[in-house]
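*Asks:*
There are 2 protein chains.
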Amino acid sequence: MDQFVSTFTNKIDNKGRVSIPASFRTVLAKDGLEGIYCYPSLDAPALDAGGQRLLNKINTLVEDLAPYSDERDQLATALFGTSEILTIDQDGRTIIPERLREHAGITNQITFVGLGEKFQLWEPKRFEAYQAEARQKVRDLRKLLGAGRRDRGGPEGARE
Amino acid sequence: MDQFVSTFTNKIDNKGRVSIPASFRTVLAKDGLEGIYCYPSLDAPALDAGGQRLLNKINTLVEDLAPYSDERDQLATALFGTSEILTIDQDGRTIIPERLREHAGITNQITFVGLGEKFQLWEPKRFEAYQAEARQKVRDLRKLLGAGRRDRGGPEGARE
DNA sequence: GTTCTTCCCATTGACGCCCATAAAATCCCA
DNA sequence: TGGGATTTTATGGGCGTCAATGGGAAGAAC
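Taken in sequence, the protein lines are chains D and F.
Quick note: the first sequence uses this note's numbering, first residue 42, plus one each step.
Quick note: the second sequence uses this note's numbering, first residue 42, plus one each step.
#1: Taking the alpha-carbon of Q131/F as reference, which of S60/F, L141/F and L182/F has the nearest alpha-carbon?
#2: Using a Cβ-Cβ cutoff of less than 6 Å, which residues in the same chain neighbour S47/D once the five nearest sequence positions on both sides are dropped?
#3: Y109/D: buried (16+ other C-beta within 10 angstroms of its C-beta) or exposed?
#4: What's the call for T118/F, buried or exposed, on a 16-neighbour Cβ count within 10 Å?
#5: From I104/D to A107/F, what does the alpha carbon distance come to, in whole angstroms?
#6: Leaving aside the five residues before and after P196/D along the sequence, list all residues of the same chain whose C-beta is less than 7 Å from its C-beta, in chain order.
#7: Just the chain D side, please: which residues come within less than 8 Å of Q150/F by C-beta, in chain order?
#8: So, S64/D versus Q161/D, is the Cβ gap smaller than 9 Å?
#9: For R140/D, which option in I151/D, N149/D, W163/D and Y80/D has the closest C-alpha, if you only look at C-alpha atoms?
#10: Just to confirm the assignment, what range does the beta strand (DSSP E) spanning A90/D have?
#11: What ranges does the beta strand (DSSP E) occupy inside the segment 64-89 of chain D, keeping only unbroken runs of at least 3 residues that lie completely in it?
#12: What's the C-alpha gap between R94/F and E158/F?
#13: Suppose you measure from the CA of E215/D to the CA of R66/D; what does that come to, to the nearest Å?
#14: Quick check on the DSSP output: the alpha helix (DSSP H) that includes L120/F runs from which residue to which?
#15: In its own chain, which residues sit with a C-beta less than 7 Å from the C-beta of P138/F, not counting the 5 before and 5 after it?
#16: Between the C-alpha atoms of R180/D and K184/F, what's the straight-line distance to the nearest angstrom?
#17: Please compile the residues from chain D whose C-beta is within a distance smaller than 8 Å of the C-beta of T118/F.
#18: Can you list, in chain order, the residues of its chain whose CB lies under 6 Å from that of N149/F, leaving out five sequence neighbours each side?
#19: Quick one: measure Cβ to Cβ for A147/D and I77/D, integer angstroms, because I've assumed they're closer than 8 Å.
#20: Only counting the same chain, and skipping five residues up and downstream in sequence, which positions put a Cβ closer than 6 Å to that of P62/D?
#21: Reducing DSSP to helix, strand and coil, say where T101/F ends up.
#22: Ordered along the chain, which non-local residues of its own chain (more than five positions away) have a Cβ less than 8 Å from that of G187/F?
#23: Is the beta carbon of A145/F less than 9 Å from the beta carbon of L69/F?
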């Protein structure tokens, strides 16, 4: 598997360490980055994280904008300026810097959420609320997509 | 055969393991995913499950949205965040995590329902009720459409 | 010296791997 | 075609390995 899937909630110990879920570590290892690329999510009180592939995508995104444009500088600042490369120790744990923890309101537990090509880090309670909201949105979305095609019998990608 | 067909009810043993029906395993094996992609059904107290083909559909759905938009993150959260890649042991059994069992109200038995390209996991009693209801709906529908079309055969498969 | 970080070890519980058994399906052969 | 033999399936249990977590020791920074 080369995608981040599922959610895990792990503890932060009194040294500030937290275990990266084993399956996420596997994906990261294949990805070829010695660590975790991590920055505050733009639209949510959470952290976005991933490996080399995510880093490349961000690069592409920035490079596609006109050089020396305000947009480009702003995007680069927003993404790279706030990013960290988190190291993973030999037991599969990492330490989240205070600045990042603060953005996500993380204190002593972290929920790791797989989003396919990347994953997010959430304060567990906040994530619960966000997930309920997200599920509702997908339900609504599916109704729009699915209206009038139910008779096909084929569940269109989305869930039944 | 490359489709999930028929229904089976198997026991969950005291280690939490349940046998995947052999015919489903065959389909999954051909599909090329080392495990079962599984998530809570959006509209039913059940679990949706499938292999690589199902996973690809979900991927396509997410990738069609603009990168780094909050819509995309929300969709990915609802889809990947609630999913699990269930491993299949060498005896053809798997373990359903508590979070998924809870959504479907599953305790010690599981009904596997083939839906063609995917299948569902139900608590047996709930499935029975759901199936009866679905049949009734089909009967009503047939009346509206006009008698004499029995050839369609009853969609026993529980598609919504 | 103290503080902070990095590395290493211990514990516990969960999970994967192996084997055993019994029931069911399938095959085979007279 | 019928009935026994073989293979597949479903299920139960033992055991070793790995993941998550806590704590300590060695080393670097202040």
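All residues carry an ideal CB built from backbone N, CA and C; glycine is no exception.
*Replies:* Put simply:
#1: S60/F
#2: G155
#3: exposed
#4: buried
#5: In the sequence on display, residue 104/D carries Glu and not Ile. If you take the alpha carbons of E104/D and A107/F, they lie about 17 Å apart.
#6: Reliability of the predicted coordinates at P196/D is poor, the pLDDT of 41 falling under 50, and the value obtained from them is presented with this limitation in mind. Hits under 7 Å: none found.
#7: Those do not exist, as Q150/F stays about 22 Å from chain D at its closest Cβ, beyond 8 Å.
#8: no
#9: Y80/D
#10: L88 to G91
#11: 77-81
#12: 8 Å
#13: Absent from the structure is residue 215/D, since the part of chain D shown begins at 42 and ends at 201.
#14: D111 to L120
#15: E125
#16: 30 Å
#17: V154, L156, Q161, Y171, Q172 and A175
#18: I53
#19: Per the sequence shown, residue 147/D should be read as Ile rather than Ala. With 8 Å as the limit, I147/D and I77/D do not qualify as a contact, their Cβ atoms being about 15 Å apart.
#20: F49 and F153
#21: helix
#22: none
#23: no
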